[in-house]
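For the sequence shown, the numbering used here gives the first residue as 283, with consecutive numbering after it. All residues carry an ideal CB built from backbone N, CA and C; glycine is no exception. To start, the structure under review is shown below, and the notes come after it.
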Amino acid sequence: YLTFAWRYFKAKKSANAINWIAWVTVGVIAFATACQILVLSVFNGFEGLVKSLYSSFYTDVKIIPQKGKTFILTNSQIQLLKKTPGIQAVSLIAEEKALLQNDDLQTIVYLKGVDENYRKVSGVAEKIVEGKFNTGDANEPGLILGAGIQNAAGVNITNASAASLLTVILPKKGKVSMTDPLQSLSEGNIKATGVFAIQQDFDNKYAITNIDFVKHQMGFAKNEYSAAEIKLTDPSNLIK
283 YLTFAWRYFK
293 AKKSANAINW
303 IAWVTVGVIA
313 FATACQILVL
323 SVFNGFEGLV
333 KSLYSSFYTD
343 VKIIPQKGKT
353 FILTNSQIQL
363 LKKTPGIQAV
373 SLIAEEKALL
383 QNDDLQTIVY
393 LKGVDENYRK
403 VSGVAEKIVE
413 GKFNTGDANE
423 PGLILGAGIQ
433 NAAGVNITNA
443 SAASLLTVIL
453 PKKGKVSMTD
463 PLQSLSEGNI
473 KATGVFAIQQ
483 DFDNKYAITN
493 IDFVKHQMGF
503 AKNEYSAAEI
513 KLTDPSNLIK
């Protein structure tokens, strides 16, 4: 009997050890799984954040020239585009790399001239952190800067009277003079009206103004544009 009891005692102890090992293993696996779920959830959240930031600037569809920097869109073509099923809004764009000067400070920007429909296709207006989204008109253009450009050029946007009056230098379309390079450039004054902050790639690169101002400075034809940006009624139907 003593021998049997001793063997039973040992077996029970061994079984308890196995149970403890099993429970520890289950706990470790559960903890590792929870950590993986947490990490994946964080990355999933970052993905959603990045998509929301980029979608604030980039539109659902952007039409660009097949060759060169510009193309012609007639009024009938624009109206046909706007009436196309699935298209919610169309904004016409004239953009080019420009030199932005503020007294002794200067920086290179991608100047984007937009029309009145730009608010309907882009979320930049909702990302204004200083001033307001006001592109003005051809005679009194307003400039909305990325936060990085504001810092680089020392632009002041505190109120209407103290806002910086900037100089924009753009290349004239199709005009290249070897004897006098300055004849190939246009210079215009523009008033800083707002600052947007979306993401560093945009904040350090883009400035937005009135399309008529850009077209006039660069010598665009009446129906000549750099791009057309489109907002879809249901972006999920977009074929990639």
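In the structure shown, the three-state DSSP call for F495 is helix. Comparing C-alpha distances from I431 to each of T366, Y507, D342, L381 shows the shortest one belongs to L381.
Cβ neighbours of R401 within its own chain (closer than 8 Å, five residues either side excluded): A407, F415. Excluding five sequence positions before and after D342, the CB atoms of its chain that fall closer than 7 Å to its own CB belong to I512, K513, L514, P517, L520, given in chain order. The Cβ atoms of Y488 and L374 lie no closer than 8 Å to each other. Bounds of the alpha helix (DSSP H) holding S358 are 357-364.
DSSP places G413 in the strand class (E or B) of the three-state scheme.
C-alpha of N384 to C-alpha of Q370: approximately 38 Å in a straight line. Shown here for G470: same chain residues with a beta carbon closer than 6 Å to its own, the five before and five after excluded, namely V450, Q499 in chain order. Under the criterion of beta carbons closer than 8 Å, G418 and N492 qualify as touching, at roughly 5 Å.
Going by DSSP, K402 is part of the alpha helix (DSSP H) stretching over 400-403. Note on geometry: alpha-carbon atoms of N433 and I490 lie some 16 Å from one another. Taking E378 as reference, the option from S468, Q481, T475 with the minimal CA-CA separation is S468.
When only Cα atoms are considered, V391 and A420 end up about 19 Å apart. Out of K473, V321, G424, the CA that lies nearest to the CA of E398 is found in G424.
For G430, the three-state secondary structure derived from DSSP is helix. Shown here, I375 sits in a strand according to DSSP, grouped into three states. Proximity to N357 across K351, K365, V437 peaks at K365, based on C-alpha coordinates.
Membership of F484 in the alpha helix (DSSP H) is indicated by the continuous run 482-485. As computed with DSSP, F339 is found in no beta bridge at all.
In this structure, DSSP gives S468 an extended state, which the three-state scheme calls strand. Taking the Cα of F478 as reference, the smallest distance to any Cα among I345, L362, S404 is reached at S404. Each of I311, I346, A376, P453 was checked against the Cα of G395, and the nearest Cα belongs to A376.
In the DSSP annotation of this structure, the continuous segment of the beta strand (DSSP E) that includes K513 starts and ends at 509-514.
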